[in-house]
Structure formats: C-alpha cells, structure tokens
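Chains A, B and C are the protein sequences, given in the same order.
Following the numbering used here, the numbering of the first sequence begins with 760 at its first residue and continues without gaps.
Following the numbering used here, the numbering of the second sequence begins with 4 at its first residue and continues without gaps.
Following the numbering used here, the numbering of the third sequence begins with 5 at its first residue and continues without gaps.
Cβ coordinates follow ideal geometry from the N, Cα and C atoms, glycine included.
What you are looking at is a predicted structure, and each value in this text was computed from that prediction instead of being measured.
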Amino acid sequence: MDAIAQFISRAILQGTPLLYGATGEIITEKSGNLNLGIPGIMYIGAISGVIGGFFYQNGADRVEPFLAVLIPLLCCMFGSIVTSLLYCFLTITLKANQNVTGLAITTFGVGFGNFFGGSLIKILKSDVPYLSLVKIAQAYKTPIFPFAEDMSSIGKMFFSYGFMVYFAVIIAVVSGFVLKKTKAGLHLRAVGENPATADAAGINVTLYKYLATTVGGMIAGLGGLFYIMDYSNGIWSNNGFGDRGWLAIAIVIFSIWKPSMSILSSYLFGALYILFNYINVPMTYIPLIQMLPYAVTIIVLIATSVRKKRENQPPASLGLSYFREER
Amino acid sequence: MNALELKNVTKRFGEVVANKNINLSVQSGEILAILGENGSGKTTLMNMIAGIYYPDEGEIFVNGKPVTISSPKDAFNLKIGMIHQHFKLVDIFTATENIVLGIQEKQKFNLKDAEKRVAEISKKYGFDIDPKKKIYEMSVSEKQTVEIVKVLYRGADILILDEPTAVLTPQETEKLFKVIKTMKEDGKSIIIITHKMHEVLSVSDRVAILRRGEYIDTVVTAETNEAELTEMMVGKKISLNINRSEPENSVDRLIIDNLNLTNTEGIKILDSISFTAKSGEILGIAGIAGSGQKELLECIAGLIKTTDGKICYIDPADDKEINLKEKTPVQIRELGVRLSFVPEDRLGMGLVGNMDIIDNMLLRSYKKGHSFFLDKKPPKQLADTIINDLEVVTPGPTTPVRRLSGGNVQKVLVGREIAASPTVLMAAYPVRGLDINSSYTIYNLLNQQKENGVAVIFVGEDLDVLLELCDRILVISSGSVSGIVDGRTATKEEVGLLMTKAKGVKENEEK
Amino acid sequence: MKKNEKVKSHEPFFHISKRTDISLKQGIIVRIIAILLALAVCGIVTKLFTGDDPISIFKTVFQGAFGTGRTLVTIHEIAILLCVSLAVTPAFRMRFWNTGAEGQVLIGCLSTAMCMFYLGGKVPDGMLILIMAIFAVLSGIIWAVIPAFFKAHWGTNETLFTLMMNYVAIQLIEFFLKIADKSGSNVVGPDLLSHGWFPRLFGENYILNIIIVAVLTVLLYIYLNYSKHGYEISVVGESENTARYIGINVKKVIVRTMALSGAICGIAGLLLVGGASHSIDSNLADGRGFTAIMVAWLAKFNPVTMVLTSLLIVFLERGADEVSSKFGLNADFAEILTGIILFFIIGCEFFINYKINFNHKKNSVKEDK
C-alpha cells in the first residue's frame, strides 16, 4: 500500500510540469493557434525563473521564502509572456506559418535555456561553482499543509506537496470552467472554431488569439519553473527537462482539448514516465513502457478522427491564420 | 411613418454601378418583397442596410431619422438584422450559444437564462427549435431558424431575409412564411429577397422590383399579377447582334434521362431532369442561380456521383451509346469521350491561380503518353496559340494566371477547353464578371464550336444573351425542368415565367 | 474595394491586403534585408556575451565552419540537413504538414543499424549495404505512410500524428540499444556495428554521402518540376477542387507523396549510420527533422534553393559553436542565433505576401468623388 501511495506521489510530481504545459497549450489551441513553441517556452520559463532566483539568492543577505518564491515566479512569467508575444506577433499580426514559427520558437527556447543554464555563471563571472538554487527550491518545496508530515502515506499522497502542485490543478480546473461556462470562453472557442463567424458577431479575433496564446504560454512556462524549483531541487541540468514539452502537447490530444481531463491524463502520463522504476520488468523493456504515452495518444487521435464525434475534434481552424478579407 | 426608407441610394464597385438611385420604403408590420433577376443588385442593396457596404450616394432613414450605418453593429443598434444566404454559425455550438455569441451585455453571462429567452422567442413566433441542439445536428431550415432567432434576440425590428427559401423544401417554406406573418403581426418590418413569383404573391404586402441595378417600381401585391411582375423584372428585350446560324446536321449527342440528386441534408438538388443535347447547336440552360445548374454539369462531367437516372453519350464515330454515369473524369476521358467543361469557379476549379499559363494548359493533358515525365512542349505551344488567337493580355505564358484580369483568365480557360477539340462543351456562366469585349469573344468562341458540330451547353444568367445565342433553351426551376423553349421564338417573359415557376404550385397558378 | 466603405466611420491607420504582384527581385531584396538585420542583431547579442569585436567574431564564425579540416565536415552536415529537407519537401508542397521527419530519419537509422548488427559479417559487405538501404527506405516509408493513410481516409490531423510518431521511433531505438548493448550504455558504437560501412572515396569519409545527397537533390528537383507525379502534387497542394475537376485521386497522391518523403528520410538515416557515425543513439537525428522544416520552408520548397538555406543554417550553427567554445560558452549559443535569424526571415515573409496601404488620404479622396 505504501509503495503504491509513494508511486502515485512520484507520478503526481512527474505529471505536474506536464499539466502546466498541457493546460497552457489547450488554452492556446482553443484560439486556433497550434503553438509548437510550447516546449521552447517551457525552457524559457524555467531559465527565466532560474536567472531571477540566482540573482536573488546570491544578492540577498537572507533568503526570505516569500520573495524566493515570488521573484522566480515573476521572472518566469515575464520570460514566457515575452516569448509567447513573439509567437503571436509572427503568426497573428504577420500571419506567418504557425508550424514553422512554433518550431523556430522551440529551437530558440531550448537553446536559450541551455545556453544560460550552462553559461550564466561564466557570463556573470560569478564565484559559485554551479547553478544551484537549493535555498530557493526549499521555499518552493515546502508543503503548504504542515500537518501532512504526521499523516500516513495515503494522506501524504494528497497533502505533502509544495504549492505549485495544487496551483496546477487549480489553473486546470479554472481554465476548464472559463472555457465551458463563461462568455469569454464561449467567444474564445468561437474564435478557434470559426474566426470568420466570430468576427462577424463582433468578437475581436486578434485580441482573443493574442490573449489566449500569451496566457497559455505563461501557464506552460510555470511547468518549466516547477520542474527546476521543485522536482529537480533547484539544480539546473542542460536538457534535463527533456521532451516533456512534446509530451504536454500529446496530453492535449489525449485529453481531447479538455483541461479537466488533462489533470488525470498528466498524472497518468507522469506515472507511465516513471513506471519502470516500480515494476519488475527487465531493463530491456523499459523503452517500450516509455513509448506507451505516445502510442496511446496516437490511438486516441486516430479514434477521435475515425469516430468523427464533433465535440472531440481539434478546434476547426487549428493551425490556420485568419485574414478577414480571405473569405 | 416608414420604419425604413432609402432615398436615391447609389453604390458603385469600381466602374460597375451595382445600385443606381434606389428609393425604397417599408412600414412597420409590413412585408416587402424585393424582386429581381440575378445580378439586379438586390443583395448589394440589402448589405448597405445591414452595414456591410456603405452607400456612395443617397440617404437612409430609420423611423424618419437620417442614419449612418457603417458596420453590422450600427445596424444592430438601429434594430436592423439581416439573415444572410450563407449562415454564419459555429457548428459545434448549440443554438443558444450561437445566438448569444458576441453580444455585449452588462448582466452576468448565463446560458440557462439565454436558453429561456430563446425558448420564449421561439414560442412567441412559432419557431420549432431546441435551444440545446448543436448546429451540426440541424437541418438547413433549423439553421436558418437559429439565424432568425439570433436577429430577434438582439431586438431587431427590421428583418432582412436574403433568399431564405433557396435552401428549403416546400413544406419548410410554408412554415417559414407562417413565421414571417406572425412577426409582421407583431409589428416588425420584413424585407424578403426572392425571385420566386408565387412566394412574392403569397407572402408580401408590396413588391419592389429591381432590374440591372436600377429601381423600377414598387407595387401593391394585391393589385398586380404574375405577368406584370415578370415583365417589370425582365424588361424589354435588348438586341445584342450575336450572329446565330441554323444548326446543321444536328444529331443527338448527349442524352440525360431522369437524373436525380439529393444532397447530404436530404434536399433534392436535381429532380428527374431529362433532356438531349444535340451536335451543332447551343443548348442554353436558364434558371435562377442555385437551381441546380452547377450540380447538373458536375454530374455530367463526373465530379458528382449520381446513382439515379441515365447520362448517355453518343459516339460520333459509330453512333454507339456510352454510359457516363458513375464514371470519374479520368474514366470518361479514357472512354474516348471528348467532353470539355468550363466550370463556374474559374480560379478555384478550372484553373490553378498560382500556376502559369503553360502549367494550366497541362491540367487537361498532363497524363497523356506513357512517359513518367511531363511533356511541356505541346502546352507551351498551346499557351502561345491561345495568347495569340484570343488576344490574352499577359506579360507572357509563364505569368501566374491569378495575375491576369477576369476576362483574360476566362479566355485561357475556355481556350484550353476548346483546344481539346471537344464533341460536347459545357460552360457555366462563362461571361460572369467579364467586360463587354471579352464577353463577345466568349460568345463567338461558343458559336464557332457550334458551327464545328460541337454540342454546346451554355448555362447563362442574362436572358437577352440566352435568347440571342441559343438554339434551344432548357429552363430549370428548383432542380427540375420547367420547360424547353425554342431560342428563336421564345420571349423573355415566357422564359422568366418558367424560371420562377415552382413545382407543386402549378395548379394554383392555372386558376 | 470592400474595405473602403468602412473608412468613414472609424478610419484605421492602415489596411492590409494580399499582394500578388511582387517581383522575384523585390522578394529577394526583402529577404536579404531581413537576413542583414538578423545578422546585426546576432552580432549585438554575441558582442554582449563575449565582448569581442564584430570582425573578430565573424572570423571565428567563418573559422568554425570552414577552418582547416572542417570544410568537409561542414559540407557533410549541410548534405545531411539538405537530405532531410528534401524529404519533407514533397509533402509540404502538397500542404501536408509532416512534423515527423525526425522520427522517419530515426527509424531509417534504426533499420540500418539493425541490419549492420544482425547481418554484419554474415553477408558480404556490398550485399549488406544494399540490404541496409532497402530496409532503411522501407522503414521510412512505413513511418510516413501510417499518418498519411489516416489523413487521406479520415482527415486525422497529420501535424500531431507525425509529431507523436517521432517519440515512438525514439523509444524503439532505446529498446534496440538495450538489446544490442547489455551494458546499458545509451549508444551502440562502431565496435558493435563494424560491418556495412560505406566505402571511403578519394581517401575521405563522407564523400559518398555528399554525392548521394547531391544526386538526390537533382532527382527531386526534376521529380517535382518535370514529372507527372510532381505536377499532381502541386495541383493537390494548390486546390483540391481543381484536382477533383481533372480527376486526380487525392487520397492516392497523399499516400504516395508521403511514401516518397518517408523514403528520403530513410535514406538520410542510412547515410547517418552507414555513411557517417557507424553508431546509433536516440539523438542521432539531432533535431534535423525539425530544422529541415524551416530550411525547406525558407527555400519555398525549392530543392536547389535549399542548398543555400541549409548552408546558411549549418554555417551559423558551426560558426556559433566555434564562438561558444572559444569563449567557454555553452554550445547551445548556436540555437539562439539560429532562432534570431529564423524569426527575422519568418517575419519578412509578411512584407512579401501582404501590402500595407496607408488609408487616410487616398481613400477618402476616392470616396468623395
């Protein structure tokens, strides 16, 4: 029982960066933008937070937990918002191809993250040996429910995490609610489905696309921050974030564009990611288990397109730029 | 007081005058029909009221006050709503979601309340819609209802319906008219664009007639009749001086028998169509736009599969019948049938806009020969020939066709189709949007083909042209043949009457 | 025309319209300006991080790409990137967004490596190379045709499908690595893949690879521009309605074209393993499948222009590598510079495809007439 609870805890920690990425990408895609730059934006979010944290940790006399959390958080949001705005400017205002722009953002973002992760100390001629933000990570990792320590393993499974784990769930739930129940959500979905109709109904298509993509990118960036500050204990390693950004895009499909579904799918994918540590399979077969999330996603993608249930399709204008006079 | 009044409204598109000095008025609790042929400027006029176009000259009054309508929003604020022919709806949304889309209200967003209001409106006017039903599950008539409710929900007092019955079955039309009458009793003003005579007569209080962008007159429906309206609509015959020779050695070339086609919505597009196209003659097809002409030609060309009826080609070599039904365009070509087709959508179907003239010549012939590679010599020659013979204005044969003007684009397309030395040549609206000179080039080309013994099928919209160019005219109304007349003896009124005749109302008309 | 009417109420500063009349020369000028601007920004960024003067930086960049003993490696890098770019081109001309070139290349690598591993020493080397080629091409085709089939028949979103296929391929390689090398290393090296190496021509490595890619470039150029298949691809890409009108079987063309894309990716995999690294790991394609999309797009899907665009990208990457190693910076510096250049070129396309009309005076005069 303890082992299972522990496994689930690890899966949740693994799944949380994915959940941020997936929620962000869902909001983005709902506006008709297929942002393949999300993996890059998550890197940028992470490194921006790290840079902010680095300055604070090395500059301040005493690390205040509140500021230790707030400064990297704001830096992370700033970094991912700026990058998302770049994507928006290119694809919405300049009507560039979304796939090419997204891939360029990812190339840039991963490079940006790794470059600063690897060279920050050198550039600043700082006297610390390597990029480690343990003190800041502590602030992030502090469980927000202090009573969790005294609980059984089952209780810990629910209450033992830092605030960002819960924050991810809250964001997903709120996004789901906004998309489904509010006027802004309705308008956003209309923009992603049929921008010409939305335009004719008096909805500002450009504004909605910009907003959704930027907010989505910002949320995704938090996933990168969580990975460094919480999951990796504040230690940056190049390419450590790996292909989680792409996995987040897979989750979007797997959750058929529903943020509420993405919570469970993220944890499920997180579980699959670490499953090999917990089950007794020969080392050889581990890659086959790690393949599962992608294989399952493909099956979901095929199944939804073959079944043609209209609600489960990608937003109808996904990947297309909108030009009013091209009707 | 008039709910809406137009005074001397004029609208130009470049050189073309779409509306010239139009005067129009509609009162509260009145149904005004706007009657006119294709291209008479009805939709342009209504778009000015709905805020999509802005008039060049003239004034618009709402409830006696002069107003400026420069966007659909302005129109909504003046309580004017238009139901366009092409619906603007989000497929995966429910009726209510579509109805409230884009409305800026102070109060809290609540779909449940909105659904209630939708249900209230529906009840009041006798609509039959489920507020929670998704658009993609709806029939065309339900979608139209949603569009109407959308307008009413925004509080419109003046409703404009652009050809609302074009997509409806007779039963659905019946229902719509009932609703329109209820709205009228509620004090709303309704403007309905149509060209179906029986509808005008049965639903409207007054009729305004437009012809070639000009305002003819407004008459009280009760004081007029079909013949008078038709005459006002089509006008006097204008002589075009197209040279028409007597058909020589005319034999049957294409036999269509009892052709039926139903679209995915379950509406009959073609209803037991039968006719014969003969060699050495031009068979005109007349009819209101969207009566099934496009689909008919596409069925013959093998672009749409039909299971019902007969499409038969008579081979000039041995007089044998060749069945074309359920054949693809490639199969038709492989059977040795030389069928050329100038589709209505030139740059979207007949030609590829981004390709140059040479590559567009290749569209028809690229498969020729067994080589893996394209043979670009013949199309190059063909391109040069067409540019020379038809006087295509272009920097050269390697210019992308989308850069050419409309007339030159059409010359390229017709030139290519004729170059295949067809035995059957079908052309859908080949002069639409062309200037006079280009139009005459096209007429002459069709005439030449006829004199060469080709069976020419010409779908046109201008009755004067049809009557001067064609040997016989097939008139289509709502997907079925309402008559075949002799192009030399028929009158404009006769064809106009046949065009507006609807199936199932013949008995009424005869009374 | 339609826009003019709206001017009266709230006049926008400018109005954007589609441009169809730009000449080749103007297009090239816009792009050159964009690249120059991008290089200027890159220079500033580099200066910021290194403090070196611009001329010295440029020297270093050039050294990195074409310094002593590097030219051949650079040309080989160009060839491989070009090969993958060629692979994605036919599908893109058809507007089929294949983001799965990475996986298609990797699966080609895997088949090649498997042939070398299992058949090495058991069949003559010449024969082995032939078998490697066949399997590499076949596996590439399979990897590409699966998403194409679903796209053609059910409209399954090809961008997402091909993207996912990449990661399936990566894990398959990991699986093979575990089987082939029991030590748990994450690369199977030349010691285990000791047979089926491409012959050295003129005493140098890579020459055969470069020749193969050069031939492929010419062949693909001819295929796309002079063959009936290439013509069909263009028609389907431009307008499915026209394709229907002249009787092209669109589904067949989609599957056939993606098979070709996959086959060329398979060849790229073959060249990578058999002709260059003689080893395999899951990072062997090194993101080229994605970079290739940008290379092909920058070249407007013209195989010959792609030689230039892949040169530009590789030149930058190798040059930036040199800059970063000289100043002890991280090698990913190259990606940042590549990213900056891409943003500028992507952005400049707007000025080629659209025209900005400044509205206020001209139009209102027209209206008053």
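Kindly indicate if chain B contains any beta-carbon less than 8 Å away from that of residue i.
i, result
"Lys-232(C)", "yes"
"Asn-856(A)", "no"
"Thr-972(A)", "no"
"Gly-73(C)", "no"
"Ser-13(C)", "Note that Ser-13(C) scores a pLDDT of 42, beneath 50, so its modelled location is shaky; the value from the coordinates is reported in the next line. Chain B contact via Cβ: present."
"Ile-32(C)", "no"
Kindly indicate if chain C contains any beta-carbon less than 8 Å away from that of residue i.
i, result
"Glu-8(B)", "no"
"Phe-130(B)", "no"
"Ile-1057(A)", "yes"
"Leu-204(B)", "no"
"Val-869(A)", "yes"
"Ile-851(A)", "no"
"Asn-357(B)", "yes"
"Ile-786(A)", "no"
"Arg-435(B)", "no"
Which whole-angstrom value is the C-beta distance of residue i and residue j, which I expect to be below 8 Å?
i, j, result
"Thr-103(C)", "Thr-163(C)", "5 Å"
"Ile-806(A)", "Phe-871(A)", "6 Å"
"Arg-99(C)", "Gly-241(C)", "5 Å"
"Asn-279(C)", "Phe-180(C)", "Reading off the sequence shown, one finds Gly at residue 279(C), where the question assumed Asn. Actually they do not touch by this definition, with Cβ atoms about 19 Å apart."
"Pro-332(B)", "Gly-305(B)", "5 Å"
"Phe-1000(A)", "Tyr-802(A)", "6 Å"
"Ser-207(B)", "Ile-161(B)", "Going by Cβ atoms, the distance from Ser-207(B) to Ile-161(B) rounds to 15 Å, so no, they are not a contact pair."
Can you find a heavy atom of the ligand HEM that lies under 7 Å from the Cβ of residue i?
i, result
"Ser-919(A)", "This structure simply doesn't include the ligand HEM, nor any ligand for that matter."
Taking CB distances under 8 Å as the criterion, tell me whether residue i reaches chain A.
i, result
"Ala-95(C)", "no"
"Val-172(C)", "yes"
"Glu-510(B)", "Residue placement at Glu-510(B) is flagged as unreliable, the pLDDT there being 37, under the threshold of 50; the coordinate-derived value follows with that caveat. So, not an interface residue."
"Leu-167(C)", "yes"
Can you tell me whether DSSP reads residue i as helix, strand or coil?
i, result
"Val-49(C)", "helix"
"Asn-367(C)", "Since pLDDT at Asn-367(C) reaches only 41, below the 50 mark, its modelled position is unreliable, and the value read off the structure follows with that caveat. Three-state DSSP puts Asn-367(C) in a helix."
"Gln-765(A)", "helix"
"Arg-1086(A)", "Residue confidence for Arg-1086(A) is low, a pLDDT of 39 falling below 50, so the modelled location carries little weight; the figure read from the coordinates is stated next. In the structure shown, Arg-1086(A) sits in coil (DSSP, three-state: anything other than H, G, I, E or B)."
"Val-809(A)", "helix"
"Lys-126(C)", "coil"
"Asp-57(C)", "coil"
"Cys-315(B)", "strand"
"Ile-786(A)", "helix"
"Phe-130(B)", "coil"
"Ala-211(B)", "strand"
"Ile-193(B)", "strand"
"Lys-16(B)", "Residue identity check: residue 16(B) is Phe in the sequence provided, not Lys. If DSSP states are grouped into helix, strand and coil, Phe-16(B) belongs with the strands."
"Val-1(B)", "Within the shown structure, residues of chain B are numbered from 4 to 514, placing residue 1(B) beyond reach of any answer."
"Ile-72(B)", "coil"
"Glu-394(B)", "coil"
"Asn-50(B)", "helix"
"Ala-36(B)", "strand"
"Asn-1036(A)", "helix"
Per the contact definition of three or more C-beta pairs closer than 8 Å, is the stretch 1049-1065 of chain A in contact with the stretch 154-168 of chain C? yes
I want to know whether the stretch 238-257 of chain C touches the stretch 130-140 of chain C - three or more CB-CB distances under 8 Å. no
Could you give the uninterrupted runs of the alpha helix (DSSP H) lying entirely in the stretch 425-477 of chain B, keeping only those of 4 residues or more? 439-454 and 466-472
Every unbroken alpha helix (DSSP H) within the stretch 833-888 of chain A, with a cutoff of 4 residues, ordered by chain: 857-883
Mind the definition here: the stretch 970-984 of chain A touches the stretch 1023-1033 of chain A only if three or more C-beta pairs lie below 8 Å; say whether that holds. no
Cβ contact (3+ pairs, closer than 8 Å) linking the stretch 392-406 of chain B and the stretch 305-321 of chain B: no
Kindly provide the ranges of any beta strand (DSSP E) runs that are 3 or more residues long and lie completely inside the stretch 247-287 of chain B, ordered along the chain. 255-265 and 271-281
Say whether the stretch 244-258 of chain B touches the stretch 49-64 of chain B, bearing in mind that this needs 3 or more beta-carbon pairs closer than 8 Å, one atom from each stretch. no
Are the stretch 398-413 of chain B and the stretch 354-368 of chain B in contact at 8 Å, needing three or more beta carbon pairs? yes
Assess, as a yes-or-no matter, whether the stretch 315-334 of chain C is touched by the stretch 835-845 of chain A under the definition of 3 or more beta carbon pairs within less than 8 Å. no
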